[in-house]
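Residue numbers (my numbering): 728 to 1038. Using N, Cα and C, we set each Cβ at its ideal position, and we do this for glycine too. Since the structure comes first, as structure tokens, the remarks are kept for the end.
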Amino acid sequence: MSDSTDDCNFVSPTCLVEDTVYGYTPNLGGNAFYAIVFAICALIQFYYIFRFWRAWKTFSVLTFIGCCGECCGYIGRIFLHKNPWDGAALPIQLVLLMVSPSFLAASLYTTMRALVRYFGPEHTRLPERFWTWPFVTADLVGFFLQCGGGVVAAAGDRNPSLADIGNAIMIFGVSFQAVIMLVAAVLTVDFAWRIVRRHVSRVFADLPRDLKIFLLAMMAAFLLILTRCVYRIPELAGGVGGHMMRQEVEFMIFDGLLILLSAILLSAAHPGFYAGALQISKVHNYESKTPVVLDDRSETYDIELRSSQSV
728 MSDSTDDCNF
738 VSPTCLVEDT
748 VYGYTPNLGG
758 NAFYAIVFAI
768 CALIQFYYIF
778 RFWRAWKTFS
788 VLTFIGCCGE
798 CCGYIGRIFL
808 HKNPWDGAAL
818 PIQLVLLMVS
828 PSFLAASLYT
838 TMRALVRYFG
848 PEHTRLPERF
858 WTWPFVTADL
868 VGFFLQCGGG
878 VVAAAGDRNP
888 SLADIGNAIM
898 IFGVSFQAVI
908 MLVAAVLTVD
918 FAWRIVRRHV
928 SRVFADLPRD
938 LKIFLLAMMA
948 AFLLILTRCV
958 YRIPELAGGV
968 GGHMMRQEVE
978 FMIFDGLLIL
988 LSAILLSAAH
998 PGFYAGALQI
1008 SKVHNYESKT
1018 PVVLDDRSET
1028 YDIELRSSQS
1038 V
């Protein structure tokens, strides 16, 4: 943007839409639709927090936060539709839509240790206790990097050098998140391959139908979030107000739609309904159909938000 737009607060003959960060007026219908669906997913997850408090509260809390952030981000874009020069709506939606998917990714990581216990920790190269917290912690590091970078970039709306610094931080944050997801994917594929190699074709064929649905939904959500991260890297590399950042259709598809679908999957295939087997069987036994019921609360697969219990 040129120096002549430094005092722009509304669209006018001297303050054109084309001179804003996005260079367009956000579509009202599309952004309102996304905001409504994310709000519905957030309400569903809020119900799940209490419905599955014992076993899956952390999964639900993280997904709830992610959906709320996405909803508020698209509400910010609705305000930008009304006024593309809105100095408050721009940083709010920029930061929220950048960081909110981190919470959805973190919710997926909370299910990993339960899956390792179910299929058997002997199949994984990574110790069972490292299958959740390290990934969640790394994801949160990526979150803070993206959040900090987004704040700096938004503050540099009219200061190119400051915007470039914030943009670089965001690029590092989203790249870091993508790398962590790729590491998790490689370890998960290796885990699945070692199970198949040991038990041949029986392992997945014998899984309960609900658990199969859960696994497919979580894999799909994981790939959707990862694809969004990959899209964000070149978008941010183009700089704040760069060419890719000015393409609304691409943004609505490769960021909005992908994260929307992942939120729907995390809500529709919630582990409380579809992963009951993970709570019934401590370790899946391929030779016996007799489940082992977990009576000890410490053996549930949720992460205690306020617990100092060692993992």
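Taking C-alpha atoms, which residue in the options lies nearest to residue i?
{"i": "threonine 838", "options": "Gly847, Arg804 and Met945", "result": "Met945"}
{"i": "arginine 840", "options": "Phe857, Ser827 and Ser829", "result": "Phe857"}
{"i": "phenylalanine 949", "options": "Phe846, Tyr845, Val913 and Asp937", "result": "Val913"}
{"i": "valine 826", "options": "Leu807, Ile896, Ile776 and Tyr775", "result": "Ile896"}
{"i": "phenylalanine 899", "options": "Arg955, Trp812 and Leu872", "result": "Leu872"}
{"i": "threonine 747", "options": "Ser834, Ile907 and Asn810", "result": "Asn810"}
{"i": "alanine 947", "options": "Ala766, Leu985, Asp937 and Pro935", "result": "Leu985"}
{"i": "alanine 759", "options": "Tyr801, Gly965, Tyr775 and Phe870", "result": "Tyr801"}
{"i": "methionine 763", "options": "Ala996, Ile991 and Gly1003", "result": "Strictly speaking, residue 763 in this sequence is isoleucine, with methionine absent from that position. Closest option to isoleucine 763, Cα to Cα, is Ile991."}
{"i": "glycine 875", "options": "Asp891, Leu951 and Phe786", "result": "Asp891"}
{"i": "proline 828", "options": "Thr954, Val916 and Ala911", "result": "Thr954"}
{"i": "valine 878", "options": "Cys956, Glu975, Tyr774 and Ile819", "result": "Ile819"}
{"i": "alanine 996", "options": "Lys939, Val967, Gly968 and Gly757", "result": "Lys939"}
{"i": "isoleucine 952", "options": "Asp933, Tyr836, Asn886 and Leu842", "result": "Tyr836"}
{"i": "leucine 842", "options": "Ala964, Glu962, Gly756 and Leu934", "result": "Leu934"}
Under a Cβ-count criterion, where at least 16 other Cβ atoms within 10 Å of its own Cβ denotes burial, should residue i be classed as buried or exposed?
{"i": "proline 854", "result": "exposed"}
{"i": "histidine 970", "result": "exposed"}
{"i": "arginine 925", "result": "exposed"}
{"i": "glycine 893", "result": "buried"}
{"i": "glycine 814", "result": "exposed"}
{"i": "lysine 784", "result": "buried"}
{"i": "threonine 859", "result": "buried"}
{"i": "aspartate 734", "result": "exposed"}
{"i": "threonine 741", "result": "exposed"}
{"i": "phenylalanine 777", "result": "exposed"}
{"i": "tryptophan 812", "result": "buried"}
{"i": "serine 1015", "result": "Here serine 1015 scores only 40 on pLDDT, less than 50, and its place in the model should not be relied on; the value that follows carries that caveat. Looking at its Cβ environment, which holds fewer than 16 other Cβ atoms inside 10 Å, serine 1015 is exposed."}
{"i": "leucine 993", "result": "buried"}
{"i": "glutamate 745", "result": "exposed"}
{"i": "aspartate 866", "result": "buried"}
{"i": "serine 739", "result": "exposed"}
{"i": "isoleucine 980", "result": "exposed"}
{"i": "aspartate 982", "result": "buried"}
{"i": "serine 1034", "result": "The pLDDT assigned to serine 1034 is 37, lower than 50, so where the model puts this residue is not dependable; a value taken from the coordinates is nonetheless given after this. Answer is exposed; the Cβ neighbour count stays below 16."}
{"i": "threonine 864", "result": "exposed"}
{"i": "leucine 909", "result": "exposed"}
{"i": "valine 788", "result": "buried"}
{"i": "alanine 832", "result": "buried"}
{"i": "threonine 1017", "result": "Here threonine 1017 scores only 42 on pLDDT, less than 50, and its place in the model should not be relied on; the value that follows carries that caveat. Flag for threonine 1017 reads exposed."}
{"i": "serine 1037", "result": "Confidence at serine 1037 is low in this model, with a pLDDT of 40, below 50, so its placement is unreliable and no value can be given for it."}
Assuming residue i contacts residue j (C-beta within less than 8 Å), just tell me the rounded distance between them.
{"i": "cysteine 799", "j": "leucine 817", "result": "Not quite, the Cβ-Cβ distance comes to about 13 Å (not below 8 Å), so this is no contact."}
{"i": "phenylalanine 918", "j": "tyrosine 1001", "result": "No, phenylalanine 918 and tyrosine 1001 are not in contact; Cβ-Cβ is about 20 Å, not under 8 Å."}
{"i": "glycine 750", "j": "arginine 973", "result": "4 Å"}
{"i": "phenylalanine 830", "j": "threonine 790", "result": "7 Å"}
{"i": "phenylalanine 902", "j": "isoleucine 960", "result": "Note on identity: in this sequence residue 902 is serine, with phenylalanine being the wrong assignment. Contact flag correct, Cβ pair sits at about 6 Å."}
{"i": "proline 998", "j": "leucine 988", "result": "About 18 Å; that fails the 8 Å criterion."}
{"i": "leucine 821", "j": "alanine 766", "result": "About 20 Å separates the two Cβ atoms, so there is no contact after all."}
{"i": "valine 957", "j": "alanine 905", "result": "6 Å"}
{"i": "aspartate 937", "j": "glycine 869", "result": "Not quite, the Cβ-Cβ distance comes to about 31 Å (not below 8 Å), so this is no contact."}
{"i": "serine 834", "j": "phenylalanine 779", "result": "Not really, about 12 Å apart at Cβ, beyond 8 Å."}
{"i": "valine 930", "j": "valine 923", "result": "6 Å"}
{"i": "glutamate 977", "j": "proline 753", "result": "The Cβ separation is near 13 Å, so there is no contact."}
Quick one: what's residue i bridged to in DSSP?
{"i": "cysteine 768", "result": "Paired residue(s): none; cysteine 768 is not in a bridge."}
{"i": "cysteine 742", "result": "Ser739"}
So that I know if they touch, is there some Cβ in chain D lying closer than 8 Å to that of residue i?
{"i": "glutamate 849", "result": "Of the chains in the structure shown, none is chain D; there is only one protein chain."}
### Task
May I ask you to verify whether the stretch 766-775 touches the stretch 793-809, counting CB pairs closer than 8 Å and requiring at least 3?
yes
### Query
Quick check: the stretch 803-810 against the stretch 845-854, are there 3 or more CB pairs under 8 Å?
Counting C-beta pairs closer than 8 Å gives fewer than three between the stretch 803-810 and the stretch 845-854, which falls short of the contact rule.
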